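Beneath this line is the structure, given in structure tokens, with notes to follow.
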Amino acid sequence: MLLDGIGESGQSSLRRSSVLLVGCGALGSTIAELLTRAGVGRLVLVDRDLVELTNLQRQVLFDETDAREGLPKAVAAARRLGQINTQVTLEPVVADFNAANAVQLARDVDVILDGTDNFETRYLLNDVAVKLGKPYIYGGAVGTRGMVYVYAPGRSCLRCVFDEPTGGTRETCDTVGVLGPAASIIASFESAEAIKLLTANAAALNPKLLTLDVWANTMRAIDVGVPDPECPCCCQHRFDYLEGSRRAATTSLCGRNAVQIVTAHAGENIDLAPLADRLAAHGAVSRNPYLLRVELRERDHDYQLTLFPDGRAIVHGTADPAVAKSLYSRYIGL
Ligand SMILES: [Zn+2]
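Residue numbers for the sequence shown follow our numbering, so the first one is 39 and each next one is one higher.
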């Protein structure tokens, strides 16, 4: 409240605000913590993954207990955030953010924040933001580098700024990892832009694409220019990612040697108890209120299959969607 530009009115605007954060990994952890401490009113946390030991180097909301319990990141994050500030309404959503639920999750928020690690989801976030006329704060970090850009109605959208992802040729956290501080800095920039938006300080938003490298000690602000009239999204209003034509049913998860599978039945509520009994014949089964896991051994290779009540699964131990699908249909058979 002491800060020029925020004051009591800015603080009460924050208190009334509603934020959608997609992804509770490295970026999402820091963003969620900063916005919770800043006192936003409502924070919707969407994440499809669970906490693992290898996340802890950069995902600052989690600890070894979360990893041991195999908690979904959205649930573990909400638990920790609720201890930090009891006045924030926290809504953890354990789900894949996709074309089927994107509009519903984004409809009544004031700003959309990017905590994801892949361009598939970012273009979907961009589609939703443009379609609903909401600001979207993009952030990405890989290796020792990162980028931040704020889309707001009338500005160039993410598809104006970046070419289509060229699958495989981009560096990802799969191939080069990510330095914790690089992710935290990017997340801090995203949070600062969100606070400006939520306190009626849009004039202070960074109009440029910010890029930095904490190893090379460089920081640049790149002018992105006006919206591209050829842009399929913000100028031609074609929402390829939201309309589902660009969406994959299986996704290799970044840096995880794991594949996510979303079936056509996704969204159904599956009773995990009988499934747990059946799977126990094939390997060690563990359960918590949010998921079921089974350890499988096939041809001297160890896999771990995690199933959520909405029918979604994550297959650990392979990055090959074909292998993952085959395991899924053999053991779950939905
Ligand atoms: Zn555009």
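Just so you know, even glycine gets a beta-carbon here, dropped at the ideal spot from N, CA and C.
Since this is a predicted model, take the numbers as computed values, not measurements.
The C-beta distance from E71 to I122 rounds to 7 Å, short enough to fall under 8 Å. Assignment of V168 by DSSP, reduced to helix, strand and coil, places it in the helix class.
For the set A240, P245, A254, the Cα lying nearest the Cα of L217 is the one of A254.
DSSP places Y366 within a helical segment (H, G or I) once states are collapsed to three. Going by beta carbons, P110 and D85 fall inside the 9 Å limit. For the set L65, S56, G77, the Cα lying nearest the Cα of E46 is the one of G77.
About 10 Å separates the Cβ atoms of L310 and R331, ruling out a contact at the 8 Å cut-off.
According to DSSP, P130 shares a beta bridge with L83.
Check the Cα spacing between G177 and each of A137, A319, L163: the tightest is with L163. Relative to ligand 1, even the nearest heavy atom lies 8 Å or more away from the CB of D201.
In the three-state reduction of the DSSP assignment, D42 falls in the coil class, being assigned neither a helical nor a strand state. About 7 Å separates the CB atoms of E228 and D152; that is less than 8 Å, so the two are in contact.
Looking at L81, E231, V199, the one whose alpha-carbon comes closest to that of V264 is V199.
Boundaries of the beta strand (DSSP E) harbouring E336: 329-336, taken from the DSSP string. Membership of T74 in the alpha helix (DSSP H) is indicated by the continuous run 64-76. Between D87 and G120, the gap from beta carbon to beta carbon reaches 9 Å or more. Under the 10 Å beta carbon count, P173 is surrounded by 16 or more other beta carbons and is classified as buried. With respect to the C-alpha of A360, the residue from F135, S290, D134, D201 having the closest C-alpha is S290.
Looking only at R294, A296, V188, E268, the smallest Cα-Cα distance to N244 is reached by V188. When DSSP states are grouped into helix, strand and coil, I308 belongs to the coil group. Looking from the CA of I352, the closest CA among S222, A115, L329 belongs to L329.
For A296, the uninterrupted beta strand (DSSP E) run begins and ends at 296-299, by DSSP. Here the alpha carbon of R350 sits roughly 26 Å from the alpha carbon of I69. If the five residues before and after A115 are omitted, its C-beta is found closer than 6 Å to the C-beta atoms of C62, A70, L83, L99, all from its own chain and listed in chain order. DSSP, read as helix, strand or coil, puts A360 in helix.
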